[in-house]
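*Asks:*
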Amino acid sequence: MTVDLLGTEPTVHFEAEVLAVAPLGESLVRVTFGGPGMRDVTTCGPDQRIKIFLPREPGAGARVPTGEDWYRRYREIPEAERPYMRTYTIRAARPGEIDVDFVRHGDSGPATRWAAAVKPGDRVVVYGPNARFEDDGDPARRGADYGAPADASWQLIVGDETALPAIGGIVESLAPGQRAYVFAEVPVAADCQEWQTAGEVTVTWLPRDGAPAGTSAALLAAVREADLPAEPGYAWLAGEARQVRDLRRHLVGERGMDRKRIDFCGYWRYGKSEDAPFEPEPRD
């Protein structure tokens, strides 16, 4: 596997080795990636998305084309040989290392199976922000959406377990005095997490306790009942696409929130397999 880093490209491919694997609650596992090939990986925000290319065979490496037309050439690889490509959020970054949290859904797809069997020494390819690229001031171009306006007196952060890495990163990035209201849906109470923050944060955990992911109305109900401040704020929403859509419609339609003060992302869609084509909700 050969990966070339282009100093002029904002996002590039990195060879990554699994350095550590640790369970996280009952439903997640944290994988630490690093190695010499990761020396120039960086982040552009607390909700930094990356793509991870997973090998078809356990323990094998993932071969991924590089360069400007890498995606076209990736799609030309025969399906039986093409590495699986999945999108994840960096939970934490250190020089030459990143932590990524994987949700364990049983044996439902290749990424879940990989996460269940992963061990130190396994190798993948990570497609993410390049530290050698001169920052152009547009984090969204490089996979980071969170952007609370300077005049936001409070923040609303909402998501399910797939959004926990980003939520944790956002909470930990808050400055002293910044207020945030967090609503997080998780499979079971054992998946609730603790975050260190300088901000003033109220967290509401919503365990599903057996209900399938994507079927609960608890997030929308909790946000609808929340006593949020009247002054201008900011909202960050992520998780199952239709739930995110309904949350955004509530904030805009029922609370009158300026849609420009809402960042949102549908990470997955209920009823669609990992390999099904996914069309994100329109960002109107």
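With full-length UniProt numbering applied, the sequence shown covers 1 to 284. Just so you know, even glycine gets a beta-carbon here, dropped at the ideal spot from N, CA and C.
1) I need the straight-line Cα distance from L228 to T11, nearest angstrom please.
2) Should the region 154-161 be called in touch with the region 120-136, which here means at least 3 C-beta pairs below 8 Å?
3) Are the region 247-263 and the region 167-177 in contact at 8 Å, needing three or more beta carbon pairs?
4) Check for me: the alpha helix (DSSP H) holding I77 runs from which residue to which?
5) Using 9 Å as the threshold, is the C-beta distance between Q155 and A235 below it?
6) To the nearest angstrom, report how far apart R142 and A20 are at their CA atoms.
7) DSSP puts D263 in a beta bridge; with which residues?
8) State the Cα-Cα distance for the pair V118 and P58, rounded to the nearest angstrom.
9) Using three-state DSSP, classify T42 as helix, strand or coil.
10) How many angstroms separate the CA atom of A238 from the CA atom of D145?
11) With 16 as the cutoff for other CB atoms within 10 Å, does P120 come out buried or exposed?
12) Assuming G199 and A230 make a contact with CB atoms under 8 Å, what is their CB distance in whole Å?
13) Indicate the three-state DSSP secondary structure (helix, strand or coil) for W114 in the structure shown.
14) Drop a sphere of 10 angstroms on the beta-carbon of R72, count the other beta-carbons inside from all chains shown, and report buried for 16 or more, exposed for fewer.
15) Counting only the same chain and skipping the five closest in sequence on each side, list residues whose C-beta sits under 8 Å from that of A80.
16) According to the neighbour-count rule (16 or more other Cβ atoms, all chains shown, within 10 Å of its Cβ), is E15 buried or exposed?
17) Taking the alpha-carbon positions, what's the A22 to V31 distance?
18) Consult DSSP for R179 and reduce its assignment to one of helix, strand or coil.
*Replies:* A quick look at the data gives this:
1) The alpha-carbon atoms of L228 and T11 are separated by roughly 37 Å.
2) Under the Cβ criterion (8 Å, minimum of three pairs), the region 154-161 does not count as touching the region 120-136.
3) Counting Cβ pairs under 8 Å, fewer than three are found: no touch.
4) Annotation: I77 is outside any alpha helix (DSSP H) and is labelled neither H nor E by DSSP.
5) For Q155 and A235, yes; Cβs fall inside 9 Å.
6) One C-alpha to the other measures close to 26 Å.
7) Its beta-bridge partners are W236.
8) Near 8 Å, if we compare the C-alpha coordinates of P58 and V118.
9) Under the three-state reduction of DSSP, T42 is assigned to coil, being neither helix nor strand.
10) A238 and D145: Cα-Cα distance of roughly 10 Å.
11) Counting of Cβ neighbours within 10 angstroms places P120 among the exposed residues, the total staying below 16.
12) With a contact defined as Cβ atoms closer than 8 Å, G199 and A230 miss out at about 20 Å.
13) Note: W114 maps to helix in three-state DSSP.
14) Exposed is the call here.
15) Apart from sequence neighbours up to five positions away, the residues of its chain that approach A80 with a beta-carbon distance below 8 Å are R56, ordered along the chain.
16) Residue environment analysis places E15 among the buried positions, since at least 16 neighbouring C-beta atoms fall within 10 angstroms of its C-beta.
17) If I take the Cα positions, the gap works out to 7 Å.
18) In this structure, R179 counts as strand in the three-state DSSP scheme.
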